[in-house]
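First up is the structure itself, then whatever we jot down about it.
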Amino acid sequence: LQNLMKEVFGPAVKNIPGSHAGDSEMMDMTAGQGRSSSNLISQSLQYQNQTRFQNDSRDRQPTEKELSTAACQAEERNIHAIYRLVSRSVQLLTLIDHLYRAHFTSSLPDVEFGLIHGLTFSQLVTLKGAQDRVEAMLTNLFSGSSLLPDHDDRTVVSSVESDNLCSMLSQQCYLYFSIGSRLTFLGFRNAEVALSTSSMSKQNEHAMAASKYLREASKHWHNASHVTGQLLDASKVPNNTVQNAYLGFNELAFRAIENGSPLARAISVLMEVNDVSAVVDICLTCARNFDIHLMTVSNDLSGSEELLSGSMLPWERTLYHRHLHEPNVDANTGVAAANVSSSKATNDSVKRTCYALLYFHLDRLLESVAQYPQDNSLVERMLSIA
């Protein structure tokens, strides 16, 4: 059905009807609340339908040609919206099939299906909060639980099965498996090789590759609850924003580490390959993602073109993988109603967590200098960059 729509309705599918150059977000997902259509792509369509002749009607009536053009554009935009619904549904079915097989593959870690427990198929297709949970599940799968502190088994993310699964998802399920998740996987995979090889040249080569990929991945970490560690175990952390504001740096850092924050995992493995400059970079980059005054534009994928699916349409790039900066928007609208615990992580709490993780590892380095004098150079390098 998806391929048929591409063939029959090419002009309405391959581009956003009525959009102009640089107007890639014309039919972006919205985040209205209190309505059954919240988080759908229909708000801009409704707005344009209501206002398309508002200015003209003050002076004159639209001509027959203008009416015909507007009617055709409205029809094409409706077709475009239907295609988005079809493509999301097809990719979700494909994703579930791949993850079901992966869950029973012994060389792969268990898929954390609990993150989407209670969500309906419709919610997984249409809700931003559900999208965040799917992306967290995939990031956890490919960042590897063995990379958490105090784990010695370092074979999970380097497996051939992980590589094949990652490749399939990036080609067939790119609306759910974001470029950020794939960059995270490549970063951890290279870090694992660097830590497991005895060749110094290979260690340096793969450590540099790991730093490069994780730096790029950090530009795409926009799931606030996941970055802070509040998504995996929301029942253990306070949902009240005021209470969160009183958490100290150590509490924030431990929460992120214990609950599998991708930022915390990335910092941990980068510290193991002694790349403190990358640690500082990804902390500051991730914090910048949630600064409304210094928002990074993750739409620019020029450094990751080779990782994009060949079937991805230009307007699909990062469409469902961006942070909503509106202060009154709760991305979990509709998700909590499905008996899935959710927590609200504010932009400020994410930034404080980023800085807390940076201070946490700097403090550990300072404590280790007495026993390992060589760590003093790492401390000096981290302080000079920060």
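First residue of the sequence shown? That's 4 in the numbering used here, and the numbers climb one at a time after it. Ideal Cβ placement from N, Cα and C applies to all residues, glycine included. Predicted model only: the values in this text are computed from it and were never measured.
Per the coordinates, the alpha-carbon of Thr108 lies some 11 Å from the alpha-carbon of Leu168. Taking a contact as a CB-CB distance under 8 Å, the pair Tyr358 and Ala267 does not count as one, their CB atoms being some 13 Å apart. In this structure, the beta-carbon distance from Ser165 to Phe188 falls below 9 Å.
Here Phe124 is exposed. Its C-beta has fewer than 16 other C-beta atoms within 10 Å. The DSSP-derived three-state label of Met385 is helix. Scanning the region 144-231 from its first residue to its last, the whole alpha helix (DSSP H) runs of 4-plus residues come out as 163-175, 182-199, 203-221 and 227-231. By the Cβ criterion, the region 170-184 is in contact with the region 95-102, since at least three pairs of Cβ atoms, one from each stretch, lie closer than 8 Å. Within the same chain, Cβ atoms closer than 6 Å to the Cβ of Tyr86 are found at Met8 and Val16, the five residues on either side in sequence being excluded.
Note that the region 196-214 does not touch the region 128-141; fewer than 3 beta-carbon pairs, one per stretch, sit closer than 8 Å.
Annotated three-state conformation of Pro14 is helix, per DSSP.
The three-state secondary structure of Thr356, taken from DSSP, is helix. Residue range Phe252 to Glu261 is occupied by the alpha helix (DSSP H) that includes Phe257.
Rounded to the nearest whole angstrom, the C-alpha separation of Met203 and Phe363 is 28 Å.
The Cβ atoms of Arg218 and Thr288 lie closer than 9 Å to each other.
Per the coordinates, the alpha-carbon of Ser264 lies some 6 Å from the alpha-carbon of Thr231.
With 16 or more neighbouring CB atoms inside 10 Å of its own CB, Thr356 falls in the buried class.
Relative to the Cα of Ser170, the nearest Cα in the group His83, Trp224, Leu141 and Leu198 belongs to Leu141. Put simply, the backbone Cα of Ala77 is about 28 Å away from that of Cys176.
Shown here, Glu115 sits in coil according to DSSP, grouped into three states, outside any helix or strand. With fewer than 16 other Cβ atoms inside 10 Å of its own Cβ, Ala373 counts as exposed. C-alpha of Gly190 to C-alpha of Val89: approximately 32 Å in a straight line. DSSP places Asp278 outside both helix and strand once states are collapsed to three, so it counts as coil.
With respect to Ile119, Asp284 sits apart: the two C-beta atoms are not nearer than 9 Å. Pairing Leu361 with Val272 gives a Cβ-Cβ distance that is not under 9 Å. If you check the CB distance, Val276 and Gln377 do not come in under 9 Å.
Membership of Glu319 in any alpha helix (DSSP H) is not indicated, and neither H nor E is assigned to it by DSSP.
For the options Trp318, Leu316, Ser221 and Met274, the alpha carbon positioned closest to that of Val382 is the one of Met274. For Tyr103, the enclosing alpha helix (DSSP H) has its first and last residue at Glu67 to His106. Here the alpha carbon of Arg384 sits roughly 16 Å from the alpha carbon of Glu370. With a beta-carbon spacing of about 5 Å, Arg80 and Pro20 fall inside the 8 Å limit used to define contacts.
For Phe124, the enclosing alpha helix (DSSP H) stretches over residues Phe124 to Thr129. CA-CA distance, Asn262 to Asp294, rounds to 23 Å.
Taken atom to atom, the span from the alpha-carbon of Pro65 to that of Asn18 is near 26 Å. The three-state reading of DSSP puts His120 in coil, since its state is none of H, G, I, E or B.
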